[in-house]
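Numbering (the working numbering), first residue to last: 3 to 333. Even glycine gets a Cβ: it sits at the ideal position worked out from N, Cα and C.
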């Protein structure tokens with residue numbers, strides 16, 4: 003028997019490669035909860051526009067309103083004053099202010115951008131809204147569709163204004179709601195063409211241009227809240243202007259006055275409390291004085307809760323006029 007031995011090589015022992023398991027532990031960092039709006043750490047910021055020269059009397063009235071609102075609502079308030087409309091609007095966009103007094107075109111622009119919701123409307127010189135009147139010289143041959151005793155138009159706009167087709171208008175200035183934007187928007191909506199207009203710059207100047215004739219065929223001014231035909235700039239030397247310059251047609255009171263708007267971040271419950279306090283304040287003579295002075299002597303006789311639909315007629319006129327609201331911040 004032959005035995006064959008086969009040598010087997012011995013393999014060296016293998017050292018295992020260590021393995022590591024990486025465990026990620028999530029570390030939660032808490033974001034500080036902002037202080038409640040209206041607290042001392044996060045006061046409600048009420049904005050005012052001060053384009054002209056301010057004075058201590060105006061400052062005191064604003065401080066009195068701030069203190070009154072704190073006392074009646076329990077919230078903390080801070081007054082913020084801006085010298086330029088554009089700066090105020092930028093602060094509104096950046097959510098740095100919570101309450102702001104806005105003129106109509108500025109409100110429409112802010113509302114279009116989703117920045118504000120409407121709170122209160124001011125009664126300015128006895129009315130919450132005003133309008134536009136179309137005027138002409140009594141010798142123009144235009145037919146008047148207006149009853150001065152009732153202070154009402156006697157026909158619809160299409161009937162009354164079609165006769166102005168092809169005429170040359172006297173406007174006030176491009177940013178005037180009653181002296182350009184509303185009446186021009188109405189004419190555009192009714193497809194009533196006119197010649198290039200003349201910008202007279204002021205409402206009394208429109209009346210004076212119509213009085214002397216030869217400058218324009220018809221003109222437009224504010225109405226309902228007053229009548230430029232009887233202003234001192236006209237009546238002092240043109241004593242028969244109210245008789246010689248007649249109203250062709252008058253719009254409804256479609257232009258709201260200045261309002262108090264709220265940033266969209268302000269809750270409805272806070273808005274309701276502030277509105278209620280201001281409505282009580284304006285009932286008193288002293289309250290009217292405070293609000294008027296706080297708004298740089300913009301006369302305020304009353305306040306009223308309204309909704310955004312009151313701006314629909316003006317909104318339509320702006321759309322038809324082609325005016326860019328961004329050009330008229332502060333109006």
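Check your understanding: Span of the alpha helix (DSSP H) holding residue 322?
Key -> 314–323
Practice item. Could you tell me the distance, in whole angstroms, from the CA atom of residue 86 to the CA atom of residue 217? Key: 35 Å
Review point. How would you call residue 257, buried or exposed, if buried means at least 16 neighbouring beta carbons within 10 angstroms?
Key: buried
Point to revise | Cut-off 6 Å between Cβ atoms - residues of its own chain near residue 138, not counting five sequence neighbours on either side | key: 144, 220, 250
**Study point:** Counted within 10 angstroms of its Cβ, other Cβ atoms place residue 99 as buried (16 or more) or exposed
**Key:** buried
Check your understanding: Any idea if residue 232 is buried or exposed, counting beta-carbon neighbours within 10 angstroms, 16 or more meaning buried?
Key -> exposed
Practice item. Measure from the alpha carbon of residue 163 to the alpha carbon of each residue in 177, 187, 37, then state which is nearest. Key: 187
**Study point:** C-alpha gap between residue 42 and residue 76, whole angstroms
**Key:** 11 Å
**Study point:** Between the CA atoms of residue 265 and residue 97 - distance to the nearest angstrom
**Key:** 7 Å
Check your understanding: Does the stretch 234–248 touch the stretch 201–211, meaning 3 or more C-beta pairs lie closer than 8 Å?
Key -> yes
Review point. Looking at the structure shown, is residue 113 part of a helix, part of a strand, or coil, going by DSSP?
Key: helix
Check your understanding: How is the beta strand (DSSP E) around residue 261 delimited, first residue to last?
Key -> 261–265
Practice item. Could you say if the stretch 145–156 and the stretch 110–129 meet the contact criterion of at least three C-beta pairs nearer than 8 Å? Key: no
Review point. Quick one: what's got a C-beta closer than 6 Å to residue 26's C-beta in the same chain, skipping five residues either side?
Key: Note that residue 26 scores a pLDDT of 49, beneath 50, so its modelled location is shaky; the value from the coordinates is reported in the next line. Within the same chain, residue 26 has no close Cβ partners at all.
Exercise for review: May I ask which residues mark the beginning and end of the alpha helix (DSSP H) holding residue 277?
Suggested key: 270–283
Review point. If we call anything under 8 Å between Cβ atoms a contact, is residue 136 one with residue 222?
Key: yes
Review point. Where does residue 144 sit, in a helix, a strand or coil, going by DSSP?
Key: coil
Point to revise | residue 173 - partner residues in DSSP beta bridges | key: 201
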